[in-house]
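Undergrad: Take a look at this one; I'll ask things after.
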Amino acid sequence: MTTGTPEPLLALSDINTFYGQAQVHFDLSITVGRGHIVCLLGGNASGKSTTMKIILGLVKPRSGEVMFDGASLIGLTTPQIVRRGIASVPEARRLFADMSVRENILMGAFVRNDRDAVAQDLDRMLTLFPKLGQRLSQRAGSLSGGEQQMVAMARALMSRPRLIVMDEPTMGLSPLYVDRVLELIRTINQEGVSVFMVEQNASLALEIAHEAYVLQTGRIVLSGPARTLKDDPRVRDAYLGGSEAA
Amino acid sequence: MSSWLDYTINGLIVGNVYALVAVGLALIFGVSRLINFAQGSIYLVGAYIGWVAVVQLHTPLPLTIIFVAVVAALVGVIIERFGLRPLQNSVRIAPLLATIGISFVLDQLVMLTFSPNPRALPSQLPDVRFQVGGGTIGPLDLLIAGVGISSALLLFVFLRYSKLGWAVRAASQDRDAAMQMGVDVNRVNQAVFGIAAALGGVSGLLVGMYYNQIDTAMSLQATLKGVVAEVVGGAGNVPGAVVGSLLLGLVESYGVAVFGTSYRNLFAFLLLVVVLVLRPNGLFASARQAPPEPLTGTFIAPSRPVRIPRWALAVAVAAFAILPLLPVSFYILQTLINAWLLGMLALSLTLVAGTIGQVSLGHAALLAIGAYTSALLSLTLSVPVGLAIVAGGLMSAALGTILISPSFRLRGHYVSIATLAIGEIVSLVILNWESVTRGPIGISGIPPLSLFGYDLISPNSVYWFSFAVMVVLALLQARLLGSHLGRSFRAIRDDDIAARAYGLSLNRYKSLAFIFGGFAAGVSGGIAAHLYSYINHETFNTQQSILALTVVILGGLGNVVGAIVGAVALVGLPEVFRIAAEYRILIYGIVLLLLVRFRPQGLLGTI
Ligand SMILES: Nc1ncnc2c1ncn2[C@@H]1O[C@H](COP(=O)(O)OP(=O)(O)O)[C@@H](O)[C@H]1O
Ligand SMILES: [Mg+2]
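Going down the list, the sequences are from chains X and L.
The first sequence: position 186 = 186 (the working numbering), numbered continuously.
When you read off a place in the second sequence, starting at 1, and then add 1000, the result is the number in the working numbering.
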């Protein structure tokens, strides 16, 4: 580690992951700097969600290291990793459909024991996501996709994480909500939470990200500051402009 | 004599008792997608702990209830920690099989400790009855209702207001998402098993007091009733389980009122089959819910089967064929005859459970159908025994397949429940259809085995006959599995959705497997009937179904040679080691548990 550059908050290095015989990651290395928004781009089945699951300990890599705040996460269970300060907004949100919106948001504070502060944070969430105020006692499963995304983000913030990992937070949302979600990610980030997000929608993600990585069938093929990648013809060809379907 | 109000009160009281069992099953299913077949054993344990408390420790009633709840909860926690948690990354059927093994072990331990004889469990309450409207109600009824309602309230408060309760609810709605909130799913599981066991144990205690009698047969009945109530209410749905239980209690009570006591269970299982077939998600499942899937993952432990060269098999067959010519004792021949009969049943089950993946827990019913058909044909219509046995096989194939066909659309653990229920239904029909089956008296004087007019009475001839039949069935089955049919069967087992996408008709292949399997099992039952000369509705029971399952897993699911090796091993080894009969079931349970944990692919490997 070179002195001068601060130690990154999260560092995946040389990760190799397998599902049975099939290899999903090939020497994957990603770092998330403190206070940064880092975006992982890639097409369908390139291994993005699996990367999230590696960070959260839901899938174990065959080899490689995951460092969070200077300590290894390898071998920890998912709840232990969450207690270290990583929260998640899972793919397709995964709310607890039969629990109320309030219960869902409070589930995010499951690892905390400071009741009063939790109650304050709940109020804070309602200022951040004002629409949820009227929905608090409604079943989470009955909300629209965009509203569910808000609940999922509020739920993740309730643990007061240092890092939030998000899997395709704009997927399936109406354009209005897409903008809203991206804006909220920026707000969250400005409050000091680092963000690692997985996206297929490259042009939007690169708007708000500091750094980005491009994943292709399990290999990082490009990486760098988001500003540079946005203008990189290879990214443009693959994800932006005409061939966005790729 | 009793009024309808009495039947209603009785139905609701019994329903309360079922609810205590079913709620636990629902909690466990919610969190682990597992049907806990050991739930009835905990209920049994609860009844006997209650007996110890009341009769030996003379505890007052409130203390008795607490004592039973605490000890039962401990048993539940131990089951989860040592029986199930190690199987987390195991194959899909492993936890189900483990709970079956655990239930055998617990039941046998209770039986060995307290003897199988029924015991009286005094209720400690005054024996008075109050007039209510047109019916009567006693203090015990009120106690049962009170325990039922207060347990429901406690559970509601726990789930709604405690942190662990929230974790339970979250984990049962989305296990992975709950983990990402920091929920330790192992702790949740442990809590749920503890709660389920406490409720189940108290239920056993109350039932014992209600009937003033406890015995070891309570266990399986309780599991079955609890499962019926839980599935009727919607697997994993806690309030649904309560409603399902009350409904079951009422249906049974009114059924008894109209038809008589021996029909009680028949109504329970018919209700189950009807619900499974028409509304597999239960009566109260909301439409949004996809059917709760049993645990995902590969169905059976993948393995490379042990290759046995043909010449070695031929040598083994020849050796067993000439065995009676050597100076071996009658006792050894007798043991091997039993092994060959069990081997035929195992061939049937390894095809159905192993090759096509329908884990049947009611396979003994196929034996019973074959046995009754063959016995009645030869006895009442004087059909030659050899022909009658073949007819028994055909009847078992036809009737077995027809009975099971409504549940072809079920998957995973639901198949096991359905087959278990169908097995019970067959045995109850035999019990109640007196004009044909002679009901509880059974059929005696069944003519001995004979072939082409020659009686097969000497041990040697019986040995050769049963061995030859088994070898022929095994050869046929091996042929079948080697053909394209075998590949289709396995495709359906490994991924039924993909198999259907390739154009395989699941119903047709499942029927074929049950027809072939039914025939083999029916022939085995037919031979047994003529060998025993007396059969009744209990000759072929669930214990044999489970024994066959253990044999099949021991040999390796789907493995034809394995089925026979397994049968010889499980019948033979207890004889070799001269293990007393009462310890055998215990040993079978332990073997099943060890296999599931340490060698799920069995001795010769799955195919
Ligand atoms: N649980 C699993 N078992 C087996 N294969 C999986 C599993 N999850 C994902 N895969 C496979 O791994 C590859 C990467 O999946 P994933 O990480 O979900 O990709 P992405 O999120 O980029 O679409 C895909 O080919 C997918 O089919
Ligand atoms: Mg994905």
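The beta carbon of each residue, even a glycine, is placed where N, CA and C say it ideally should be.
Could you tell me the distance, in whole angstroms, from the CA atom of residue 1372 (chain L) to the CA atom of residue 1221 (chain L)?
TA: Their backbone Cα atoms lie some 24 Å apart in a straight line.
Undergrad: Identify whether residue 1302 (chain L) lies in helix, strand or coil by the three-state DSSP scheme.
TA: Here residue 1302 (chain L) sits in coil by DSSP.
Undergrad: Could you pull out every residue in the same chain whose Cβ sits closer than 8 Å to the Cβ of residue 20 (chain X), ignoring the five residues on either side in sequence?
TA: Excluding positions up to five away in sequence, the list is empty.
Undergrad: Tell me which residues pass a beta-carbon proximity test against ligand 2: closer than 7 Å to any heavy atom, given in chain order.
TA: Those residues, listed in chain order, are X:48, X:49, X:91, X:167, X:168, X:198.
Undergrad: Taking 8 Å as the CB-CB cut-off, is residue 58 (chain X) touching chain L?
TA: Closer than 8 Å to some Cβ of chain L, the Cβ of residue 58 (chain X) qualifies, so yes.
Undergrad: Of all Cβ atoms in chain X, is any one closer than 8 Å to the Cβ of residue 1183 (chain L)?
TA: Taking Cβ atoms only, chain X reaches closer than 8 Å to residue 1183 (chain L), which makes this a yes.
Undergrad: In angstroms with no decimal places, state the Cα-to-Cα distance between residue 1230 (chain L) and residue 1243 (chain L).
TA: When rounded, the distance between both Cα atoms is 9 Å.
Undergrad: Using a C-beta cutoff of 8 Å, does residue 160 (chain X) count as contacting chain L?
TA: No, no contact with chain L.
Undergrad: What residues of chain L sit near residue 49 (chain X), judged by a beta carbon separation below 8 Å?
TA: By Cβ distance, chain L contributes nothing, its closest Cβ being about 12 Å from residue 49 (chain X), past 8 Å.
Undergrad: Quick check: is any heavy atom of ligand 1 less than 7 Å from the C-beta of residue 1328 (chain L)?
TA: Answer for residue 1328 (chain L): no, Cβ out of range of ligand 1.
Undergrad: Would the stretch 1408-1417 of chain L and the stretch 1345-1361 of chain L be scored as touching if the rule is three or more Cβ pairs under 8 Å?
TA: Verdict: yes, contact present.
Undergrad: Check the C-beta distance from residue 1047 (chain L) over to residue 1218 (chain L) and give it rounded, since I have them as a contact under 8 Å.
TA: The pair is a contact, with the Cβ atoms about 6 Å apart (cut-off 8 Å).
Undergrad: Helix, strand or coil, according to DSSP, for residue 1214 (chain L) in the structure here?
TA: Here residue 1214 (chain L) sits in strand by DSSP.
Undergrad: Going by DSSP, what residue range makes up the alpha helix (DSSP H) through residue 16 (chain X)?
TA: First-last for residue 16 (chain X): 10-19, but that is the beta strand (DSSP E), not the alpha helix (DSSP H).
Undergrad: Is it true that the CB of residue 1401 (chain L) sits closer than 8 Å to the CB of residue 1514 (chain L)?
TA: Cβ distance < 8 Å, so residue 1514 (chain L) and residue 1401 (chain L) count as in contact.
Undergrad: In terms of residues, what are the limits of the beta strand (DSSP E) holding residue 29 (chain X)?
TA: Where residue 29 (chain X) is concerned, the enclosing beta strand (DSSP E) stretches over 22-32.
Undergrad: Would you mind stating whether residue 1336 (chain L) and residue 1509 (chain L) have Cβ atoms separated by less than 8 Å?
TA: Against a cut-off of 8 Å, the Cβ pair of residue 1509 (chain L) and residue 1336 (chain L) comes out as no contact.
Undergrad: What residues in the stretch 1043-1076 of chain L bring their beta carbon closer than 7 Å to a beta carbon of chain X?
TA: The residues in question: there are none.
Undergrad: My guess is that residue 1227 (chain L) and residue 1025 (chain L) are in contact by the Cβ rule of under 8 Å, so how many angstroms apart are they, rounded?
TA: Contact holds; Cβ gap of about 6 Å.
Undergrad: Under the three-state reduction of DSSP, which class applies to residue 1584 (chain L): helix, strand or coil?
TA: Note: residue 1584 (chain L) maps to helix in three-state DSSP.
Undergrad: Might you give, ordered along the chain, the residues of its own chain that have their beta carbon closer than 7 Å to the beta carbon of residue 1193 (chain L), omitting 5 neighbours on each side?
TA: Around residue 1193 (chain L): 1028, 1076, 1077, 1079, 1080.
Undergrad: When you check each C-beta in the stretch 1507-1532 of chain L against every C-beta of chain X, which residues fall closer than 7 Å?
TA: Correct list: empty, as no residue qualifies.
Undergrad: Going by DSSP in three states, residue 1411 (chain L) sits in which element: helix, strand or coil?
TA: Of the three classes helix, strand and coil, the one that applies to residue 1411 (chain L) here is coil, per DSSP.
Undergrad: What are the boundary residues of the alpha helix (DSSP H) that includes residue 98 (chain X)?
TA: Where residue 98 (chain X) is concerned, there is no enclosing alpha helix (DSSP H), given that its DSSP letter is neither H nor E.
Undergrad: Figure out for me which residue from L:1120, L:1468, L:1364, L:1449 has the closest Cα to the Cα of residue 1521 (chain L).
TA: That would be L:1364, whose Cα lies nearest to the Cα of residue 1521 (chain L).
Undergrad: Residue range of the beta strand (DSSP E) that residue 199 (chain X) falls in?
TA: Segment 194-199, the beta strand (DSSP E) holding residue 199 (chain X).
Undergrad: Among X:191, X:230, X:57, X:48, which has the Cα closest to the Cα of residue 128 (chain X)?
TA: Checking every option, the nearest Cα to that of residue 128 (chain X) belongs to X:191.
Undergrad: I want to check one thing, is the minimum distance from the CB of residue 45 (chain X) to the heavy atoms of ligand 1 below 7 Å?
TA: Yes, the Cβ of residue 45 (chain X) comes within 7 Å of a heavy atom of ligand 1.
Undergrad: Is it buried or exposed, residue 1322 (chain L), if we count other Cβ atoms within 10 angstroms and call 16 or more buried?
TA: Label assigned to residue 1322 (chain L): exposed.
Undergrad: Quick one: which unbroken alpha helix (DSSP H) runs of 4-plus residues sit fully inside the stretch 46-131 of chain X? Chain order, please.
TA: Listed in chain order, they are 48-56, 78-83, 101-107, 115-128.
Undergrad: Just how far apart, CA to CA, sit residue 1151 (chain L) and residue 81 (chain X)?
TA: Taking the straight line from one Cα to the other gives about 36 Å.
Undergrad: Compare the beta carbon distance of residue 42 (chain X) and residue 215 (chain X) with 8 Å and say whether it is the shorter of the two.
TA: Yes. Within cutoff.
Undergrad: Just to confirm, is the Cβ distance from residue 1043 (chain L) to residue 1203 (chain L) under 8 Å?
TA: Cβ distance < 8 Å, so residue 1043 (chain L) and residue 1203 (chain L) count as in contact.
Undergrad: In the DSSP output, which residue or residues are listed as bridge partners for residue 231 (chain X)?
TA: According to DSSP, residue 231 (chain X) bridges with nothing at all.
Undergrad: According to a CB-to-CB cut-off of less than 8 Å, which residues of the stretch 1153-1184 of chain L neighbour chain X?
TA: Cβ contacts with chain X come from 1163, 1166, 1167, 1169, 1170, 1173, 1174, 1176, 1177, 1178, 1179, 1180, 1181, 1182, 1183, 1184.
Undergrad: Let me make sure I understand the geometry here. Which of L:1562, L:1092, L:1199, L:1538 has the alpha-carbon closest to that of residue 1548 (chain L)?
TA: Nearest C-alpha to residue 1548 (chain L): L:1562.
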